[in-house]
Amino acid sequence: MESFTIVSGTAAAIPLPNIDTDVIMPKQFLKGIDRSGLGEGAFHDLRFDAGGRERPDFILNRPGWRDAAFLVVGPNFGCGSSREHAVWGLKQRGVRALLGTSFAGIFFDNCARNGLLALTLDPATADALMEVAAGPEPARLTVDLTGCSIATADGRRWSFTIDAGRREALLHGRDHIATTLTRTGAIADFEAGHRMRTPWLP
Amino acid sequence: MPSPEPLFPHAPDRQGPRTLYDKLLDAHTVCSLDGEERLLYVDLHVMNEYTSPQAFTGLREAGRRPWRPSAQLAVVDHVNPTAPQRTEDVADESAAGQIRYLRRNCADFGIELIDLMDPRQGIEHVVVPDLGLAQPGMTILCGDSHTTTYGAFGALGYGIGTSEVEHVLATQTVVHRRLAPMRVILDGIAGDGVGAKDLIMAVIASLGADGAAGHAVEFAGAAIRALGMEGRMTVCNMAVECGARVALIAPDAITADYVRSRPRAPSGADWERATALWARFHSDEDAHFLREVRFDAAAVRPLVTWGTSPDQAVAVDGTVPDPGTEIDPTRRRAMVRALEYMGLAPGTPVRDIAIDHAFIGSCTNARIEDLRAVAGVAKGRRVAPGVRGMIVPGSGAVRRQAEAEGIDRVLIAAGFEWRQPGCSMCLAMNDDVLPDGARCASSTNRNFEGRQGRGARTHLMSPALVAASAIAGRLCDPRDLP
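Heads up: the protein sequence lines correspond to chains A and B, in order.
All letters in the first sequence, in the order written, are residues 1 to 202 by this note's numbering.
All letters in the second sequence, in the order written, are residues 1 to 482 by this note's numbering.
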């Protein structure tokens, strides 16, 4: 998994609430058995109209925001389907962090497993960042996970808190399966007892 | 006096009254991890063809194997056609590729597969209860958000992404962060014409699309206890639409009656042991919930959604709301955008909204009770001219049961299509896709933009309301049909 330490880039505002994973990654991009081509799928139906023409008003189609590394998002971002394709697509587009007040549970976990930093911020910080990202000119941010801070190029600065375990895993790009497999003895012990208590289970 | 064998050997830290959710956690905790995280043992892992491929590839590339193949079950459901005649053919080559890869993975790793031509095939969350594999006290994970369905049995079920699918395959565990226990109590008795779908839609409309985020929600109260298992599954299934990561209903005699005699249910002496164990899976009387919300089920009316989020719902005898009356600017913007997408004007009576499609299907509402309700409305009536009415039973078992009861003949006589099982137009990953601008009365769970097809407009409601709307040609309460 890609690690996250200190990243700088442009921030784009997507302020609507309840942006679901169908919108982040439409169904026509879910038919593969690998992870290829999902950057093209990210926000596809917001980026292109039914005739395949770019919608010039969508933020990620506007000059200066096309390669945004950060999305400042509305509440409950990533709700709906569990499709991890949504996270893979955002990463393939170069999105490194999502800044908002709340994220849907499965999506939030999917972000953590892929090195995409989803930061749950207090409303005042999220509002301030939404204003920064809304323009009129593209603004650059630096997100520092080592020091737990977000800063603008002109020196404004906000701090954030993040769960210690999640932060460690992101900082070190940790493989969570390998971590769990250090505990195979405990799993096997538990399983033996559990299966004795419930022998009818598969 | 000897103390009885502890049911929860790994819970020395939690004394006193506990919630059902905490009992399920404690009964499956392999070990504690940092902070609020723990390693949970997974009793059953269910997979489908579209969220598992990259997990199997990851497993192969790392040179790993499934920890316990017998505790894995794979079902083809998301991409298969649902044409009335089932064949091996899947015209969409990428969909066929996903099915082929699932077959290969199941064959290579010794995992049971319910394949396209299997008479038991259907939507995973319908097939697992059909088989009797959803039982109280279990942990059941699946790469699908509607895995909350199993909470109807008093099992801990929730959806996971593909990375976690790979983790469960490799370790038979999941890293679980304890959620906040919450109780939603539905007091009273639901009125005539109000079903499980209306109850959960009322809860979602009240709490909001993220109203239960971060919570494990236990549903309780007289209106919940009065529901059969199909209705309870509808409630728990759709709880994810208000952000609940876990939904639960305490098991009772209705639960045991449903599981009994199914192919994979415990039998003989195991049945006695199992039911004794299940009886312990309920919240203790003084268990502490961080949040508690009460609803009066008698006050709930049949609901339909008007927007593009499942919480944007009004009574079928109401009107489309006016964003001008919404104080919160973020919600107001979302309402304006939803109305624009849905092609609706504020103040429009819901019953004036004309439809051209009606869809009965999905893991929310395609079980036998749902089809009985649809047949009850459709009997002796006809689908309106210009409306396409599709019935996609949740599974082969549901389809056969309906045919044994003559439900198929009632529905076909009324002008509905009687189709083969699958997820179908709930998410339109297969060839059941609505055209741009189509408007559909749907018994499904999500009305997101583009969910049933790019530019298509979805109105969520109960199966009975979908049937009535198909017949009226506009959104309709069955009680208003002539």
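All C-beta atoms, glycine included, are put in the ideal place defined by N, C-alpha and C.
For Tyr-101 of chain B, the chain A residues whose C-beta falls within less than 9 Å of its own C-beta are Ile-33, listed in chain order. Within the segment 74-107 of chain A, Gly-74, Pro-75, Asn-76, Cys-79, Gly-80, Ser-81, Ser-82, Arg-83, Glu-84, Ser-102, Ala-104, Gly-105 and Ile-106 place their CB atoms closer than 7 Å to a CB of chain B, listed in sequence order. At a C-beta separation below 9 Å, Arg-331 of chain B has these neighbours in chain A: Pro-17.
Look at Arg-113 of chain A: its C-beta is under 7 Å from a C-beta on chain B.
DSSP lists B:Ile-391 as the bridge partner or partners of Trp-418 of chain B. Straight-line measurement puts the Cα of His-125 of chain B at about 11 Å from the Cα of Gly-132 of chain B.
Judged by beta-carbon spacing, Ile-59 of chain A lies beyond the 7 Å limit of Asp-144 of chain A, meaning their Cβ atoms are not closer than that value. For Thr-180 of chain A, the closest Cβ of chain B is nearer than 7 Å. Within chain A, the residues Ser-81, Ser-82, Gly-105 and Ile-106 have their CB atoms less than 9 Å from the CB of Gly-159 of chain B, given in chain order.
Tyr-21 of chain B: member of the alpha helix (DSSP H) spanning 20-28, first to last residue.
Against chain B, the beta carbon of Pro-56 of chain A has no neighbour under 8 Å; the closest one sits roughly 18 Å away. The beta-carbon of Trp-158 of chain A is placed no less than 7 Å from the nearest beta-carbon of chain B.
Within 8 Å of the CB of Gly-165 of chain A, the CB atoms of chain B belong to Leu-33, Asp-34, Gly-35 and Glu-37, in sequence order along the chain. Per DSSP, the beta-bridge partners of Pro-349 of chain B are B:Thr-319. Segment contact: the segment 43-59 of chain B against the segment 27-42 of chain A, three or more CB-CB distances shorter than 8 Å; contact assigned. At least one CB atom of chain B sits nearer than 7 Å to the CB of Ile-177 of chain A. Across the structure, Thr-182 of chain A and Ala-134 of chain A are spaced so that their CA atoms are roughly 45 Å apart. Three or more Cβ pairs closer than 8 Å define a contact, and the segment 461-473 of chain B meets that threshold against the segment 302-311 of chain B.
Distance from the CA of Val-72 of chain A to the CA of Val-132 of chain A, rounded to the nearest whole angstrom, comes to 9 Å. When the five nearest sequence neighbours on each side are left out, the beta carbons in the same chain lying within less than 8 Å of the beta carbon of Glu-164 of chain B are those of Leu-141, Gly-143 and Val-174, in order along the chain. Taking the beta carbon of Pro-202 of chain A as reference, the chain B residues within 8 Å of it are Asp-43, Leu-44, Ser-70, Ala-71, Leu-73, Leu-133 and Arg-264, listed in sequence order.
Minimum Cα-Cα distance from Asp-210 of chain B among the listed residues A:Asn-18, A:Asp-163 and A:Asp-22 corresponds to A:Asn-18. Within a 10 Å sphere around the beta-carbon of Gly-52 of chain A sit fewer than 16 other beta-carbons, which makes this residue exposed.
Boundaries of the beta strand (DSSP E) around Val-73 of chain A: 70-73. Contact of Asn-61 of chain A with chain B is not assigned, every C-beta pair being separated by 7 Å or more. Within the DSSP bridge table, the entry for Trp-158 of chain A names A:Ile-150 as partners. Distance from the Cα of Met-229 of chain B is smallest, within the candidate group B:Gly-221, B:Ala-216, B:Asp-257 and B:Ala-212, for B:Asp-257.
When 8 Å is used as the limit between beta carbons, Ile-187 of chain A is near these residues of chain B: Val-30, Leu-39, Tyr-41, Trp-67, Thr-171, Gln-172 and Thr-173, in chain order. Burial is judged here by how many other beta carbons sit within 10 angstroms of a residue's own beta carbon; His-172 of chain A has fewer than 16 and is exposed. When the five nearest sequence neighbours on each side are left out, the beta carbons in the same chain lying within less than 6 Å of the beta carbon of Ala-313 of chain B are those of Met-201, Ala-205, Leu-303 and Thr-305, in order along the chain.
Boundaries of the beta strand (DSSP E) around Gly-157 of chain B: 156-159. Restricting attention to B:Asp-192, B:Thr-148, B:Gly-137 and B:Thr-325, the CA atom closest to the CA of Leu-20 of chain B is found in B:Gly-137. Rounded to whole angstroms, Ala-12 of chain A and Ala-216 of chain B show a C-alpha spacing of 33 Å.
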